[in-house]
Amino acid sequence: MSLDTTENAAKTPDVELPWAELGLKKDEYERVVEILGRRPTGAELAMYSVMWSEHCSYKSSKVHLRQFGEKAPQTDALLVGIGENAGVVDVGNGYAVTFKVESHNHPSYVEPYQGAATGVGGIVRDIIAMGARPVAVVDPLRMGAADHPDTKRVLPGVVAGIGGYGNCLGLPNIGGELVFDACYQGNPLVNAGAIGVMRHEDIHLAKASGSGNKVIMYGARTGGDGIGGASILASETFDDAKPSKRPAVQVGDPFQEKLLIECTLEAFAEKLVVGIQDLGAAGISCATSELASNGSGGMRVELDDVPLRDSTLSPEEILMSESQERMCAVVEPEKVDRFLEICEKWDVIATVIGEVTDGDRLEIFWHGEKIVDVDPRTVAHDGPVYERPLARPDWQDALQADDAGKLPRPSSSAELKDQVLALVSSPNQASKKWVTQQYDHFVQGNTVLAQPEDSGMIRIDEETGLGVAIATDGNGRFAKLDPYTGAQLALAEAYRNVATTGAKPLAVSDCLNFGSPEDPAVMWQFAEAIRGLADGCQQLGTPVTGGNVSLYNQTGEAAIHPTPVVAVLGVIDDVARRTPVAFQEEGQLLYLLGDTSEEFGGSAWSQVVHEHLGGLPPKVDLERERLLGEILISASRDGMIDAAHDLSDGGLVQAVVESALLGGKGARLIVPEGLDAFTFLFSESAGRAIVSIPRSEELRFNDMCGARGLPVTRIGVVDGDSVDIQGEFALSLDELRTAHEGTIPALLA
Amino acid sequence: MTARIGVVTFPGSLDDRDTQRAIRLAGAEPVALWHKDKDLKQVDAVVLPGGFSYGDYLRAGAISRFSPVMETLIDQAKAGLPVLGICNGFQVLTEAHLLPGAMLGNDHLHFICRDQKLRVENADTAWTADYDAGQEIHIPLKNMDGRYVADERTLDMLEAEGRVAFRYVDVNPNGSLRDIAGITNEAGNVVGLMPHPEHAVEPLIGSGRTDGLPFFTSILKKLVAAS
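Going line by line, the protein sequences match chains S and V. The working numbering puts the first residue of the first sequence at 33, with every later residue one more than the last. The working numbering puts the first residue of the second sequence at 4, with every later residue one more than the last.
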């Protein structure tokens, strides 16, 4: 069949297009026809279908995400907010930091290595597109049951993919999580976060302005990988003879991306770039329509000039291909030669594929004929918006009534001891060294803290020691019990983790992983979680700068636990003042900060010992979190504490064991008055941390906490080579280490 | 005066800037060298840094070995120019036949990143004079293809001539033959090792130790003394 030009489309209104196969609903297709005043061409349909997909348009989530803007706290720190490739935060001394978390869940289940690898690649390109040098990555992961055979297929592939790509890019991997739960069995969550650093004046935006400016595509050639629906369009409607089965998961080439980073930064440094956009989901469709709609003019693109890996690709496929390691830059005509020269220096293919025009249309040509003529805004921004029905699940009350506080508790010291060992060796609480030792955390020579520390920390200025910290947290079990509180607990934990290392929390990015938005119960969870997160960010004064929504994490009727993953970014004036997790010196005093009550709903203890999920999650007190954060930051700045660890999954005993094993120093603990040993060790009350204080600082520390009204309790001392709960039991560090470090390697052996 | 030490950037080099920092911290002047440029800019010594030059495609170091800069470097190294190859740089040196043997994939088939204990076996090379023979140090290790192999005769020769410069202690992290972590050429001017001394030069950063700094002070003292 001949080329479907805009002229042809206008003349043949009755041609049936496969809009349903491309994922468009009937009314969405009719809306496209209404916008264009005629039927779309095949190429236009390809663009609308992919840009109006849930992934690109946020059509189900938009009405809820607005709260992040409406409730945004007043702050001078935010330089670029939601809507750009990534948010940008002022961290002082003229430095700005950009960071974002994204999901690559579905591809990673289909093809763990490439799915996870290209997840890293995509988020890193978002960071470069802001004008920043990427300085670190983090990877929050959630897998199915630890002992399920498929977990053994997915997890090692995902870890190798993240490592294979990130290591080869030269980005230290400094944080993340690994959580196992049967609810993620068919829907593992592979989230990836990245941080970049730049000077204020280097911030770049995705917009094409200035008539006559050239649009340059550079990086990898465009191939047939990562094409979803376009293949259907191409093979079934326009050219029956063509093979249509190509891999839907993209294949990454980190070497190409490393070159892309270096040549992009060199072009930025010479001020050659007016606007820039990376090519991720929806490829050229997305890049051209977003650049054009954010700029002042229109854009004309010659699709024939796009360098191809496969010369048989149809124009629709070229528009939709998600081949990795590609970028699009808008460059003034007189600077084009220099831009191309830099690309050549780095052996990066670069081609002028179009230019910014006076009009307001995005026009795309193929063999000299016009195949796309659209208002780019209608493609990039005016997609459908849905107010999906939502309903509190009918099982929610029963779940909350199933109080974990009523579960049988250990009845003897021996049983308590056994449960501690079971806890620290359970897959979720066990050491994740098997994972993290496959990631380079040294490269770039600025890593101050990396996992298993509470937050990852990177020095960004060698002169002053200025640094940034990042922590990601999420607890799907808490969110299942109460999505509003669960989202706030994720925020509180990430905030606390940043403060525990001595950094001041500044801003938030999130990755919202949920089931199908077409299920009112899931939609309710989603709405509640966003409301919780937006309210929490408002109260803590940390704006949401951007993030990502991943829906349809669901197999049949069974959705994953609602899993909002929250990343908090913090700043520290001098990284020399950072506080590590590991106990440093024998004889130092251990203090518990915050209040402990009987809170076991969704706890690690209820999961490990009773395989139970029910009741209410721990209560959230964000004012308390803020106060605790201020105390931890002051104590770190003034040298009052030598180690600190936040209390979260697994409670106090988990934190003490981790600090002891990392420092190679034991602890003697006394159960404080008013608490029983079980609650002391296993409760997961929020707003708490333990600190290790040199004796000389005890008075000063107590005075500070007293003056500011934070309850603190002296619970013991760093001492010996065991964790000794006086009057109850002692566990040697050797025994604890074997239990804590043996689990994951044994599962994956 | 101080010494000028070049650091070559290949496409895919990752630790080039870290190495320049280590050189600076040791008190020498780092000089950036570009793989397409044959000119070594009259530096007094050269470091080939770690990374994944050319993506480690074909074989780690196999393509970089043919970069224009290597033509000059190979000649000058044979004439006595001090050269240190770290990780990927070590792989390039073996591919260029400036050092014997080769690196295969780690025996456990995973990338490994850890703070590694080493023993300095030869403290007489241009890059190790500030250590004592037998001294044990901790240097970060991070690689995919770090398993040093050579035929028995070569290994025996290296041992006999004292050319095993570093050996892994406690844990052999990748299956290297005879626990070899690094070697030197006969003259002692060309040294290669898999661990990364440039990641152990500041107390707060990386491994939190400074066990790697003597690599850079060793060469600086030697060059300053010779000038």
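Yeah, the Cβ is synthetic: ideal placement off N, Cα and C, and Gly gets one too.
If you look at S/His96, you'll find it in the alpha helix (DSSP H) that goes Lys94 to Glu102. The alpha-carbon separation between S/Gln461 and S/Pro596 amounts to approximately 20 Å. In the three-state reduction of the DSSP assignment, S/Gln470 falls in the coil class, being assigned neither a helical nor a strand state.
Pairing S/Val467 with S/Val281 gives a Cβ-Cβ distance that is not under 8 Å. Residue ranges of uninterrupted beta strand (DSSP E) with 3 or more members, entirely inside the segment 364-438 of chain S and ordered along the chain, are 382-389, 394-398 and 401-406. Membership of V/Val10 in the beta strand (DSSP E) is indicated by the continuous run Arg7 to Thr12. In the three-state DSSP reduction, V/Glu32 falls in the strand class (E or B). Contact annotation for S/Leu291 against chain V: Pro14 and Gly15 [CB-CB distance below 9 Å, chain order]. Under the rule that a run must span 4 or more residues, the alpha helix (DSSP H) segments found entirely inside the segment 152-195 of chain V read 155-163.
Any Cβ of chain S closer than 8 Å to the Cβ of V/Ile89 would place that residue at the interface, and such an atom is absent.
Within the segment 578-654 of chain S, the runs of beta strand (DSSP E) at least 3 residues long that lie entirely inside it are, in chain order, 595-604 and 621-625. DSSP, reduced to helix, strand and coil, places S/Val64 within a helical segment of the structure shown. Taking C-alpha positions only, S/Asn580 is separated from S/Ser92 by approximately 13 Å. Beta-bridge annotation (DSSP): S/Glu334 is paired with S/Phe397.
Proximity of chain V to S/Gly202 at the Cβ level (cut-off 7 Å) is accounted for by Leu17 and Gly54, in chain order. Going by beta carbons, S/Ala423 and S/Ala553 fall inside the 8 Å limit. Proximity of S/His473 to chain V, defined by a Cβ-Cβ separation below 8 Å, is satisfied. Secondary-structure assignment with DSSP links V/Asn146 through a beta bridge to V/Ile115. Taking the C-beta atoms as reference points, S/Arg409 is found no nearer than 8 Å to S/Gly330. The alpha-carbon separation between S/Cys295 and S/Gly534 amounts to approximately 35 Å. Contact annotation: the segment 439-459 of chain S touches the segment 759-770 of chain S, with at least three C-beta pairs closer than 8 Å. Contact of S/Thr745 with chain V is not assigned, every C-beta pair being separated by 8 Å or more. By the criterion of a C-beta distance shorter than 8 Å, V/Ala6 is surrounded in its chain by Ala31, Glu32, Asp47, Ala48, Ile222, Leu223, Leu226, Val227 and Ser230, once the five residues flanking it on both sides are discounted. When DSSP reads this structure, S/Val247 sits in a beta bridge with S/Val362 and S/Gly386. Our two residues, S/Ile155 and S/Tyr197, have alpha carbons roughly 12 Å apart in a direct line. Closer than 8 Å to the CB of S/Val480 there is at least one CB belonging to chain V. Secondary structure within the segment 515-543 of chain S: the alpha helix (DSSP H) runs of 4 or more consecutive residues, fully enclosed, are 515-532 (chain order). Where S/Lys132 is concerned, the enclosing beta strand (DSSP E) starts and stops at Tyr127 to Ser135. Under DSSP, S/Arg231 takes part in a beta bridge, and its partners are S/Tyr127. The alpha-carbon of V/Val152 is positioned some 6 Å away from that of V/Leu180.
At a cut-off of 8 Å between beta carbons, S/Pro50 makes no contact with chain V.
Of all residues in the segment 108-141 of chain V, those with a C-beta nearer than 7 Å to a C-beta of chain S are His113, Phe114, Ile115, Cys116 and Arg117, reading in chain order. The segment 716-723 of chain S makes contact with the segment 660-672 of chain S; the number of CB pairs closer than 8 Å reaches 3 or more. Taking each of S/Asp567, S/Ala676, S/Gly225 and S/Leu304 in turn and checking the Cα distance to S/Leu601, the smallest one comes out for S/Gly225.
Taking the Cα of V/Ala129 as reference, the smallest distance to any Cα among V/Met197, V/Gly209, V/Leu87 and V/Pro103 is reached at V/Leu87. Within the same chain, Cβ atoms closer than 6 Å to the Cβ of S/Ala299 are found at Val305, Phe371 and Ile374, the five residues on either side in sequence being excluded.
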